[in-house]
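Protein chains in written order, with the numbering used here: chain A, 747 to 899; chain B, 596 to 986; chain C, 7 to 253.
Yeah, the Cβ is synthetic: ideal placement off N, Cα and C, and Gly gets one too.
These numbers were taken from a predicted model, which means no experiment stands behind them.
Step one of this worksheet: look at the structure below.
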Amino acid sequence: MRSTFRDAAHLLRPAALLLIGLAVFLVVRAAVIPKGFGKYGHYRAPFLETARSKPIHYAGQDACVACHDEEAKMRAAGKHAKVACEACHGPQAQHADDPTSLKPKLPDVATLCARCHEKDPAKPRTFPQVVTAEHNAGAACNDCHKPHNPHLD
Amino acid sequence: MMIPGVDGFMYPNEVELQWSILIVLYPYITGLVAGAFILASLERVFKVEAVRPTYRLALLTALAFLLVAPLPLQLHLGHPERSFEMYLTPHTSSAMAMFGFVYLWYLTVVLLLEIWLDYRADIVHMSKTTTGVTRLVYKVLTLGSDNVSEAARRVDDKVGYVITVIGIPSAFMLHGYVGFIFGSVKANPWWSTPLMPVVFLFSAMVSGIAAVLVLYMAAMKVKRLPIDMRCVDTIAKYLFYTFVIDFTLEMLDLIHRTYEADESFRSLDFMVHTRLWASHVLLQIGAGTVVPLLLLAATQLRRFAPGARKAIYSITSCLILVGIFAMRWNVVIGGQLFSKSFLGYTSYKMGLVTREGLLPAVALMLLPFAIFFVLIKLLPPWQHSEANAAD
Amino acid sequence: MEMNRRDLFRIGGKLLVLASAGATLEQIMGSEPAPEAYKMADHWWGMIVDIDKCIGCGSCVRACSNENQVPNGYFRTWVERYEVPEGYVNPIVTSPEGAINGFPLPKPTNFKAFFVPKLCNHCADSPCTQVCPVGATFVSPDGVVLVDKEYCLGCRYCVQACPYGCRYLHPETETVDKCTLCYHRITKGLTTACCENCPTQARQLVDFKNPKDPVHEFLRTHKVSVLKPQMATEAKVYYNNLDGAVR
């Protein structure tokens, strides 16, 4: 019995190595696991806050309307009532925060109007569409249509 | 408007392939590990005495490739420095999260331990007969025990046997699970099949056995030692049987897909006949499967002269190794060439000296041979064959 | 909100015990109030896309790109144009640069044609979060699929697992990136950049947990579908009048 143990004793060495390795792993793992991991699920809960805190670029309709009454009124009366200001004017959050810091540029009417109103059989039939080449013979759209209320009187 | 390399419609984010040639190497290398180990266990567990000369060689081959196996994965990651997170917070629902644990288990508990037990007598002997740094290396490898008495060796042998028995399912797991990584992606019809782990497993065995066979013959040639014909004949026989099963499974998969012809079939069929024609039909099925199978079948049916057999075995093994590589390629790369809209195809643009390019891939494929070279210097596997040759 | 299969596995015994005591998933997850007034437990976000209203102008793609600095050549949202020939084998689908500049003039055709805006479906049973090995991508308690870019390895298994092609590797951060449903906006009471800027209201952010949300009425009165329903991902982007040709 004693000699069997003696002749198997060398096996304890790799076993000890493995166990030490395992123990080191468990200790290190417990020490460096990220804070808040697993609070809501298998992920770092604090990242939700990071994701929320990203800067906003589009201020949103309400912010524009708060100052620009005239345009807002005009728009509300016409077919573009539901088109958001920034859909044409681009992201204006910085302008909304501090109007002097960034002046919005006027959009290029030629590409802007055509993007929505150029004829395409894939567009819903009821949506107003024209073949621009035939429709305005090279004239700018806003010669006739006021973008904020495009209806012709 | 046309995107170069794209035919038809791809979702815009699909144009670029996400998994490169490095991910092709990963199942290829782990497959060689699993296959080589299973060959070694033939001798140990199933008492196939004839393959004894390759026992140690197979173990060292497995170790050399296993040490390299995680490197292509590591190199492929966008953030290699974060890979330890797999151990910190393994996601239990992810097949991939298992990799680190399966790998470490297989490396330490199975392979290193089995090699240590088998080589212990040699290590102790060398630690007493060598000098200098070499002596120190062997001293460390003895782990401080020089008990190599008859009784101690008997204990080693018994424990080694148990480890091999544990090792076989471990090898199955190591590679079967690689197949599961692909086979469980329901979004990808080219991958998603329950046959994938089984096909991966058998192709792994085929490639591993072929690798050891060709390495053994090459090593004997270099060492100017006679090749043990009984040994290579037996290996070739097992190679043939395994290959028949592997081929059957792959054909079953193919026939099943063709017969069922689900919504993805038309798209995948077109891909196989165009972009994958060379690598799938010609290389994988033709040169990599049908030809070697016919050659192996011929050696089973007719008794060729030893010289001819050696030549056939070498050619067959090399063809198989190329064919299985092509198979991995077709799975990994092929699975990303078609759109999940089934309306278009993209192409794989492999870099050359980029991080995931051809050069690092070649280097990673050569690295196991360098490790293998060091291993056979450190732990010469020849004694059995020399003893055999002396008979 | 429905409890889905995977939640059950994840929360396991704890859920079973609490469920028997009458507690719901929200109560477990939202036991602590989130900072500011926003309570994650009170929301379950999704979107409605009305094919009949989409004009393919690409405003959503541009807005998304501006709001989220989406890298060039990759898309968190894009618009596809389908042209379906009579007795079609394959529809002709195009999405030039994700339609960031809209669409070029089509060849005159008599085909059925329509636009399909695409984005992450924020699936409740998302195959992408299932495969993440480390928990870097996940479904938030309010139903948004997010990627933690400080934790993502960049292994891209999730890109492979997404049936809809909604994920990509960000070329600069080398981590996976995708639609966040403008999480930074919707948690502050704003709508997403794409919905804000859609001129025809073809896209609408919806909160399934808000009893006053028009989505409930919409789902009662319209025939809706999700993309690739056979994938069983519990997608939360509902399409009105989606053609069977759409993949």
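>> Assuming contact is defined by CB atoms lying nearer than 8 Å, are P123 of chain C and P169 of chain C in contact in what I supplied?
In response: Taking the third sequence and counting its residues from 1, the one referred to as residue 123 of chain C is at position 117. Taking the third sequence and counting its residues from 1, the one referred to as residue 169 of chain C is at position 163. For P123 of chain C and P169 of chain C, no; Cβs fall outside 8 Å.
>> I'd like to know whether the C-beta of Y682 of chain B is nearer than 8 Å to at least one C-beta of chain A.
In response: Position 87 of the second sequence, counted from the start, is the residue given in the question as residue 682 of chain B. Closer than 8 Å: yes.
> What in chain A is Cβ-close to T186 of chain C, meaning under 7 Å?
Replying inline: Locating residue 186 of chain C in the third sequence gives position 180, where the first residue counts as 1. Correct list: A797.
>> Please state whether the Cβ-Cβ distance between L914 of chain B and A882 of chain B is less than 8 Å.
In response: Mapped onto the second sequence, residue 914 of chain B falls at position 319. Mapped onto the second sequence, residue 882 of chain B falls at position 287. Contact flag set, yes.
> What are the boundary residues of the alpha helix (DSSP H) that N925 of chain B is part of?
Replying inline: As a working note, residue 925 of chain B is residue 330 in the second sequence. That run of the alpha helix (DSSP H) goes P901 to V927.
> Under 8 Å between the Cβ atoms of V809 of chain B and S912 of chain B?
Replying inline: To locate residue 809 of chain B, count along the second sequence from 1; it is residue 214. To locate residue 912 of chain B, count along the second sequence from 1; it is residue 317. Yes, these two residues count as a Cβ contact at 8 Å.
>> So if DSSP puts Q210 of chain C in a beta bridge, which residue, or which two residues, is it bridged to?
In response: Here residue 210 of chain C refers to the residue found at position 204 of the third sequence. Answer is C:I54, bridged to Q210 of chain C.
> Considering only C-alpha positions, which residue in the set B:R825, B:F937 and B:F767 is nearest to G803 of chain B?
Replying inline: Taking the second sequence and counting its residues from 1, one reaches residue 803 of chain B at position 208. For the residues B:R825, B:F937 and B:F767, the minimum Cα distance to G803 of chain B belongs to B:F767.
> Would you say T193 of chain C faces chain A, with C-beta separation under 8 Å as the test?
Replying inline: Walking along the third sequence from the start, residue 193 of chain C turns up at place 187. Answer yes: the Cβ-Cβ gap between T193 of chain C and chain A drops below 8 Å somewhere.
> Which residues bound the alpha helix (DSSP H) around E86 of chain C?
Replying inline: Counting from one through the third sequence, the residue named residue 86 of chain C turns up at place 80. Taken as a continuous stretch (DSSP letters only), E86 of chain C belongs to no alpha helix (DSSP H), being part of the beta strand (DSSP E) at T83 to V90.
>> Short of 8 Å Cβ to Cβ, which residues in the segment 866-877 of chain A face chain B?
In response: none
> Once you ignore the five residues that flank G771 of chain B on each side, which residues in its own chain have a CB closer than 7 Å to its CB?
Replying inline: Locating residue 771 of chain B in the second sequence gives position 176, where the first residue counts as 1. Excluding residues within five positions, the ones whose Cβ falls inside 7 Å are P792, F795 and L796.
> Which two residues bound the contiguous beta strand (DSSP E) that contains Y245 of chain C?
Replying inline: What you label residue 245 of chain C is simply residue 239 of the third sequence in a count that begins at 1. Per DSSP, Y245 of chain C belongs to the beta strand (DSSP E) from V243 to N246.
> Which residues, in chain order, does the segment 97-123 of chain C contribute to contact with chain A at a C-beta distance below 9 Å?
Replying inline: N107, G108, F109, L111, P112, P114, T115, N116, F117, K118, A119, F120 and F121
> In chain order, what residues of the same chain have a beta carbon less than 6 Å from the beta carbon of A985 of chain B, not counting five sequence neighbours either side?
Replying inline: For the purposes of this step, residue 985 of chain B is taken as residue 390 along the second sequence, with counting starting at 1. Since pLDDT at A985 of chain B reaches only 36, below the 50 mark, its modelled position is unreliable, and no value is offered.
> How long is the line joining the alpha carbons of L898 of chain A and K892 of chain A, rounded to whole angstroms?
Replying inline: For the purposes of this step, residue 898 of chain A is taken as the residue at position 152 of the first sequence. For the purposes of this step, residue 892 of chain A is taken as the residue at position 146 of the first sequence. Taking the straight line joining both Cα atoms gives about 8 Å.
> Can you list, in chain order, the residues of its chain whose CB lies under 7 Å from that of P235 of chain C, leaving out five sequence neighbours each side?
Replying inline: Sequence index remark: in the third sequence, residue 235 of chain C carries index 229 (1-based). Result list for P235 of chain C: empty, nothing under 7 Å.
> Thinking C-beta only, is I907 of chain B closer than 8 Å to L889 of chain B?
Replying inline: By 1-based counting over the second sequence, the position of residue 889 of chain B is 294. By 1-based counting over the second sequence, the position of residue 907 of chain B is 312. Not a contact, by the Cβ cut-off of 8 Å.
>> Distance cutoff 8 Å, beta carbons only. Does W711 of chain B sit that close to anything in chain A?
In response: For the purposes of this step, residue 711 of chain B is taken as residue 116 along the second sequence, with counting starting at 1. Yes, contact with chain A.
> What does N925 of chain B reach in chain C if we use C-beta pairs closer than 7 Å?
Replying inline: Here residue 925 of chain B corresponds to residue number 330 of the second sequence, with the count starting at 1. Per Cβ cutoff of 7 Å: no residues; N925 of chain B is ~16 Å from chain C at best.
> So, are the CB atoms of V801 of chain B and I919 of chain B less than 8 Å apart?
Replying inline: The sequence position of residue 801 of chain B within the second sequence is 206, counting from 1. The sequence position of residue 919 of chain B within the second sequence is 324, counting from 1. Cβ atoms of V801 of chain B and I919 of chain B: closer than 8 Å.
> Name the residues in the segment 816-829 of chain A whose C-beta lies less than 9 Å from a C-beta of chain C; which are they?
Replying inline: H826, K828 and V829
> Along the segment 735-753 of chain B, what residues have a CB closer than 7 Å to any CB found in chain A?
Replying inline: L738, G739, S740, N742, S744, A746, A747 and V750
>> So, at 7 Å on beta carbons, what are the nonlocal neighbours of H671 of chain B in its own chain, with the 5 sequence-adjacent residues on each side left out?
In response: The count along the second sequence starts at 1 and reaches residue 671 of chain B at position 76. Once the five neighbours on either side are set aside, the close Cβ partners of H671 of chain B are S615, L617, I618 and E951.
> From L852 of chain A to H835 of chain A, what does the alpha carbon distance come to, in whole angstroms?
Replying inline: To locate residue 852 of chain A, count along the first sequence from 1; it is residue 106. To locate residue 835 of chain A, count along the first sequence from 1; it is residue 89. Whole-angstrom Cα-Cα distance: 7 Å.
> If you draw a straight line from the C-alpha of R825 of chain B to the C-alpha of P648 of chain B, how long is it?
Replying inline: Looking up residue 825 of chain B in the second sequence gives position 230. Looking up residue 648 of chain B in the second sequence gives position 53. Approximately 10 Å between the Cα atoms of the pair.
> Roughly how many angstroms lie between the CA atoms of E200 of chain C and G104 of chain C, to the nearest whole one?
Replying inline: Residue numbering aside, residue 200 of chain C sits at position 194 when the third sequence is read from its first letter. Residue numbering aside, residue 104 of chain C sits at position 98 when the third sequence is read from its first letter. The displayed chain sequence assigns Cys, not Glu, to residue 200 of chain C. C-alpha separation (whole angstroms): 14 Å.
> When the cut-off is 8 Å and only beta carbons count, does A984 of chain B lie next to chain C?
Replying inline: By one-based count along the second sequence, residue 984 of chain B stands at place 389. For A984 of chain B, the pLDDT reaches just 40, beneath the cut-off of 50, and the residue's location in the model is therefore unreliable, although a value from the coordinates is still provided. No - not a single Cβ of chain C is within 8 Å of the one on A984 of chain B.
> Quick one: is N78 of chain C near chain D, going by C-beta distance under 8 Å?
Replying inline: You won't find chain D in this structure, because its protein chains are A, B and C.
>> Is F860 of chain B close to chain C? Criterion is C-beta to C-beta, closer than 8 Å.
In response: On the second sequence, residue 860 of chain B is found 265 positions in, with the first residue counted as 1. Closer than 8 Å: no.
>> Contact criterion: CB-CB distance below 8 Å. Does D154 of chain C meet it with respect to chain A?
In response: Translated into the one-based positions of the third sequence, residue 154 of chain C becomes position 148. Yes, D154 of chain C lies at the interface with chain A (some Cβ there is under 8 Å from its Cβ).
> If you draw a straight line from the alpha carbon of T100 of chain C to that of T759 of chain B, how long is it in whole angstroms?
Replying inline: The count along the third sequence starts at 1 and reaches residue 100 of chain C at position 94. The count along the second sequence starts at 1 and reaches residue 759 of chain B at position 164. Cα-Cα distance, rounded: 56 Å.
> Thinking C-alpha only, which one of C:N216, C:F121 and C:C204 is nearest A47 of chain C?
Replying inline: Position 41 of the third sequence, counted from the first residue, corresponds to residue 47 of chain C. Comparing Cα positions, the closest option is C:N216.
> At a Cβ cut of 7 Å, what residues of the segment 47-63 of chain C count as close to chain A, listed as they run along the chain?
Replying inline: D58, K59, I61, G62 and C63
> Rounded to a whole number of angstroms, what is the C-alpha to C-alpha distance between V55 of chain C and T179 of chain C?
Replying inline: Residue numbering aside, residue 55 of chain C sits at position 49 when the third sequence is read from its first letter. Residue numbering aside, residue 179 of chain C sits at position 173 when the third sequence is read from its first letter. Straight-line Cα distance between these residues: approximately 31 Å.
> How big is the Cα-Cα spacing for V243 of chain C and W51 of chain C?
Replying inline: Counting from one through the third sequence, the residue named residue 243 of chain C turns up at place 237. Counting from one through the third sequence, the residue named residue 51 of chain C turns up at place 45. The straight-line gap from Cα to Cα measures roughly 9 Å.
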